[in-house]
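J.: Here it is, the structure in full.
2 protein chains.
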Amino acid sequence: MSPLIDGLQYANWSEKVFRQMRDGGVDAVHVTITYHETFRETVLNIERWNRWFERFPELIFQGRTAADVALARETRRTAIFFGSQNPSCMEDDIGLIEVLHSLGLRFMQLTYNNQSLLASGCYEDEDTGLTRMGREVVAEMNRVGLVVDMSHSGERSTLQAIEHSTRPIAITHANPHAWHPARRNKSETVLRALGKSGGMLGFSVYPHHLKGGSACSLDDFCEMIARTADLIGIERVGIGTDLCQDQPDSIVEWMRVGRWTKLKDYGEGSASAPGFPAMPEWFADNRDFGRIAKGLRATGMSRADVSAVMGGNWLRFFETSFETSFGAKSGEKPKLNRAAE
Amino acid sequence: MSPLIDGLQYANWSEKVFRQMRDGGVDAVHVTITYHETFRETVLNIERWNRWFERFPELIFQGRTAADVALARETRRTAIFFGSQNPSCMEDDIGLIEVLHSLGLRFMQLTYNNQSLLASGCYEDEDTGLTRMGREVVAEMNRVGLVVDMSHSGERSTLQAIEHSTRPIAITHANPHAWHPARRNKSETVLRALGKSGGMLGFSVYPHHLKGGSACSLDDFCEMIARTADLIGIERVGIGTDLCQDQPDSIVEWMRVGRWTKLKDYGEGSASAPGFPAMPEWFADNRDFGRIAKGLRATGMSRADVSAVMGGNWLRFFETSFETSFGAKSGEKPKLNRAAE
Chain A
1 MSPLIDGLQY ANWSEKVFRQ MRDGGVDAVH VTITYHETFR ETVLNIERWN
51 RWFERFPELI FQGRTAADVA LARETRRTAI FFGSQNPSCM EDDIGLIEVL
101 HSLGLRFMQL TYNNQSLLAS GCYEDEDTGL TRMGREVVAE MNRVGLVVDM
151 SHSGERSTLQ AIEHSTRPIA ITHANPHAWH PARRNKSETV LRALGKSGGM
201 LGFSVYPHHL KGGSACSLDD FCEMIARTAD LIGIERVGIG TDLCQDQPDS
251 IVEWMRVGRW TKLKDYGEGS ASAPGFPAMP EWFADNRDFG RIAKGLRATG
301 MSRADVSAVM GGNWLRFFET SFETSFGAKS GEKPKLNRAA E
Chain B
342 MSPLIDGLQY ANWSEKVFRQ MRDGGVDAVH VTITYHETFR ETVLNIERWN
392 RWFERFPELI FQGRTAADVA LARETRRTAI FFGSQNPSCM EDDIGLIEVL
442 HSLGLRFMQL TYNNQSLLAS GCYEDEDTGL TRMGREVVAE MNRVGLVVDM
492 SHSGERSTLQ AIEHSTRPIA ITHANPHAWH PARRNKSETV LRALGKSGGM
542 LGFSVYPHHL KGGSACSLDD FCEMIARTAD LIGIERVGIG TDLCQDQPDS
592 IVEWMRVGRW TKLKDYGEGS ASAPGFPAMP EWFADNRDFG RIAKGLRATG
642 MSRADVSAVM GGNWLRFFET SFETSFGAKS GEKPKLNRAA E
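Put into structure tokens, the structure is as follows:
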């Protein structure tokens, strides 16, 4: 049986949430540890995680390699893999990529809605594609084993990241634009290119990404997954719930506004609905993955395919994504990054 | 045959120095990467090391576990283990201990000559022993697998560190005070307590620690090693050259003065001889370890004992010092640090 893996969560972490992960049989979760925080602030966030790992060792531990997913299953715990939703944590210093990987970072978005030093976000009017630094950073991320995540990036930037990256990239939490035309959802062009390149799409349960929002039905969600699998390949899709459980609305404001404006930016929300939207009734927390699996079976998907979508595909992606392409073990002379020559 | 391990160096690193490590058959070196630098500045130093590892992968790689010493021998490279000579890198935050260990730090001095937040340096008039924070930090260092190094600490602080630490500690670079009464050299009381606790002493070749300074003879140095081994146990001693090869005198000034005074402090030097002293003629660089081994044989020491002193003892110490006492692999619930409860 394949493991159960969620491709993205950003909960208000607590013993309750960790126990629900265990109750739901979740083997691994990619968690967001930082948005607009500097490197130094991100280290403080890692310290908070270290204290959770220390306090709840029977529930969670830090995942660093794909093998940690198997270890999680053996020891009935959840492996927590770190990710960043913006490159703020690497500041303007390509050398921090390897440092962050040493600290366990396994995913990094090149942008979060806005222009970054590396690429354009999906809310900008102009999409630069990958910048000069963006191309260098993608190469460095490929070298050290840090996954390029383009969930919040613009179309052109995303296509260039897929093209430029020598390792498959991920869109950890988004749905097809054709199903629900939100800015954050992805065009057929992007989805096809992602699938062809061996990348992964994690389907989001965040209401702003759902047709009908919070009222979206489980059937509709699962049917959309099945059709997208037909389009880009069953082996290219997984779940990335974007579960923001128990977060106060001040957090969604930080996610959207960071320190880039003194005004309010409502992102996917609006002045009349600025907070976190209500989750669909069929997915409230980590105990509800079984419902999605059942819903997928109801679309006519085989048991094996459901298992692949619920975690098998992410596991295979982890296996080729997190290891450095150099290092002590290989003993080989690595291909030098130009910057180091 | 045992590996060849040096317990401390702080050279002006270059391809030349790394090649000399290979020419000298040095399998592992504990290198100082930081003195008075903050955490953020220490990360910049790690980035410099990462570039050296990237540029010279056929010569060096970062050592993280004792097994990396064997890997170094198999692949004919030198494993570089990181250390700090002062706790500046952890600032005032116990959470940074685990972060620094994740980045590969394997040794940390609790003090460098002066009082720190943790303990007293050997140049202070008053020795507080371990401070309240010092006791907490030693426990945390024990938990994560970061060696307590008391080379530059005061007598009382050192004895308390030996007593309080649940893992054996190290004095990576110093000699017996009875042989040469420098402030940095250690009393018989300290050496006996260190030996009894399973700790390690690395003998320094830095001229200020040598009887007769730069003119100290190899015979005299090796005889001192043999007599110290008689005193504290042959299994408790190794080499810690304190080699500061190719460093400009501005570096010894940074080591002594940091940012704690606006005046000059000459440390072990003096106004008339403020710079680095000339090395003894029998130890100029990493190609000269064979001379020490020969000198030890000439004192009547057995081949096996010489081999233990030249690296076998450090290797055994590494084997029990660097692993975390918790973590993903064990699956056991660790003893909580009080701070996390």
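Residue numbers (my numbering), protein chains in the order written: chain A, 1 to 341; chain B, 342 to 682.
Just so you know, even glycine gets a beta-carbon here, dropped at the ideal spot from N, CA and C.
(1) What are the boundary residues of the beta strand (DSSP E) that R106(A) is part of?
(2) Which residues bound the alpha helix (DSSP H) around A369(B)?
(3) Using a Cβ-Cβ cut-off of less than 8 Å, give me the residues of the segment 93–119 of chain A that come near chain B, in sequence order.
(4) Can you give me the Cβ contacts of F322(A) inside the same chain, cut-off strictly under 6 Å, excluding the 5 residues immediately before and after it?
(5) Tell me whether E622(B) is buried or exposed, calling it buried when 16 or more other Cβ atoms sit within 10 Å of its Cβ.
(6) Give a yes or no on whether the C-beta atoms belonging to M279(A) and V190(A) are separated by under 8 Å.
(7) Identify, in the order they occur along the chain, each residue of the same chain with its Cβ nearer than 6 Å to the Cβ of P509(B), setting aside the five sequence neighbours on each side.
(8) Please classify N12(A): is it buried, with 16 or more other beta-carbons within 10 angstroms of its beta-carbon, or exposed?
(9) Please report the straight-line C-alpha distance between E235(A) and A645(B), rounded to a whole angstrom.
(10) Would you please verify whether the beta carbon of V43(A) is less than 8 Å from any beta carbon of chain B?
(11) When you compare the CB positions of S461(B) and D468(B), do they come within less than 8 Å of one another, or not?
(12) Return the chain-ordered list of same chain residues with a C-beta closer than 7 Å to the C-beta of L4(A), the five sequence neighbours on each side being excluded.
(13) Check whether the Cβ atoms of L231(A) and G295(A) sit closer than 8 Å, and answer yes or no.
(14) Comparing C-alpha positions only, which one of Y123(A), R143(A) and L118(A) sits nearest to T131(A)?
(15) For the segment 78–93 of chain A, list every residue whose C-beta sits within 9 Å of some C-beta in chain B, in sequence order.
(16) Could you check whether H164(A) and G358(A) sit closer than 8 Å to each other, using their CB atoms as the reference points?
(17) Would you please verify whether the beta carbon of W13(A) is less than 8 Å from any beta carbon of chain B?
(18) Is there a Cβ of chain B sitting closer than 8 Å to that of I60(A), yes or no?
(19) Between the segment 378–396 of chain B and the segment 88–108 of chain A, can you find at least three pairs of beta-carbon atoms closer than 8 Å?
(20) Which residues of the segment 369–398 of chain B have a Cβ closer than 8 Å to any Cβ of chain A? Give them in chain order.
(21) Considering V144(A), what are the terminal residues of the alpha helix (DSSP H) in which it resides?
(22) From the DSSP output, read off the bridge partner residues of L584(B).
(23) For N427(B), tell me which candidate among M449(B), I633(B) and C585(B) has the shortest Cα-Cα distance.
(24) If we define contact as Cβ-Cβ less than 8 Å, is F667(B) a contact residue for chain A?
(25) Which term fits A639(B), buried or exposed, when burial requires 16 or more other beta carbons within 10 angstroms of its beta carbon?
(26) Could you name the residues that DSSP lists as bridge partners for P517(B)?
(27) Are the beta-carbon atoms belonging to G475(B) and G536(B) less than 8 Å from one another?
(28) Could you work out which residue in F221(A), A293(A), L100(A) and W260(A) is closest to N113(A) when comparing CA atoms only?
(29) Quick check on G212(A): buried or exposed, where buried means 16 or more other Cβ atoms within 10 Å of its Cβ?
(30) Going by CA-CA distance only, name the one from Y376(B), G424(B), N516(B) and A519(B) that's closest to M482(B).
(31) Closest to V647(B) by C-alpha separation, out of T416(B), L584(B) and C563(B), would be which residue?
(32) Give me the Cα-Cα distance between E356(B) and L201(A), rounded to the nearest whole angstrom.
(33) Less than 8 Å between the CB atoms is what I'm expecting for S187(A) and E155(A), so what's the real figure, rounded?
(34) Around the C-beta of M90(A), are 16 or more other C-beta atoms found within 10 angstroms, so that it is buried, or is it exposed?
(35) Could you tell me the boundaries of the beta strand (DSSP E) in which A72(A) lies?
T.: The structure says:
(1) Its beta strand (DSSP E) spans residues L105 to Q109.
(2) It is not in any alpha helix (DSSP H) - A369(B) instead sits in the beta strand (DSSP E) that spans A369 to T375.
(3) For the segment 93–119 of chain A, which is checked against every Cβ of chain B, the residues closer than 8 Å are D93, G95, L96, E98, V99, S102, L103 and G104.
(4) So the qualifying residues of the chain are T65, R106 and G145.
(5) E622(B) counts as exposed, since fewer than 16 other C-beta atoms from the protein chains shown sit within 10 angstroms of its C-beta.
(6) No, Cβ-Cβ distance for M279(A) and V190(A) is not below 8 Å.
(7) Excluding positions up to five away in sequence, the list reads S538, G539 and G540.
(8) Taking a 10 Å sphere around the C-beta of N12(A), we find fewer than 16 other C-beta atoms and assign the residue as exposed.
(9) Computed Cα separation, rounded: 58 Å.
(10) Yes, its Cβ sits closer than 8 Å to a Cβ of chain B.
(11) Their beta carbons are under 8 Å apart, which means S461(B) touches D468(B) by this criterion.
(12) Excluding positions up to five away in sequence, the list reads G25, V26, D27, F289, M310 and G311.
(13) The answer is no: Cβ separation not under 8 Å.
(14) Ranking the options by Cα distance to T131(A), first place goes to L118(A).
(15) Those would be A79 and D93, in chain order.
(16) Any property of residue 358(A) remains undetermined from this structure, which presents chain A solely from 1 to 341.
(17) Chain B, which has no Cβ nearer than 8 Å to the Cβ of W13(A), makes this no.
(18) No, I60(A) lies away from the interface with chain B (no Cβ there is under 8 Å from its Cβ).
(19) Touching, per the Cβ criterion.
(20) Those would be F380, R381, V384, L385, I387, E388, N391, R392, E395, R396 and P398, in chain order.
(21) Counting along the chain, the alpha helix (DSSP H) containing V144(A) begins and ends at R132 to V144.
(22) According to the DSSP secondary-structure assignment, L584(B) is paired through a beta bridge with Q350(B).
(23) Check the Cα spacing between N427(B) and each of M449(B), I633(B) and C585(B): the tightest is with M449(B).
(24) The beta carbon of F667(B) sits closer than 8 Å to some beta carbon of chain A.
(25) Its Cβ having fewer than 16 others within 10 Å, A639(B) is exposed.
(26) In the DSSP output, where bridge partners are listed per residue, P517(B) has K527(B).
(27) Not in contact: G475(B) and G536(B) (Cβ atoms no closer than 8 Å).
(28) In terms of Cα proximity to N113(A), the closest of F221(A), A293(A), L100(A) and W260(A) is W260(A).
(29) That one is exposed.
(30) Proximity to M482(B) across Y376(B), G424(B), N516(B) and A519(B) peaks at G424(B), based on C-alpha coordinates.
(31) Shortest Cα-Cα distance from V647(B) to any of T416(B), L584(B) and C563(B) involves C563(B).
(32) Whole-angstrom Cα-Cα distance: 44 Å.
(33) Correct: roughly 6 Å between the Cβ atoms.
(34) Buried.
(35) DSSP places A72(A) outside any beta strand (DSSP E); the residue lies instead in the alpha helix (DSSP H), whose first and last residues are A67 to E74.
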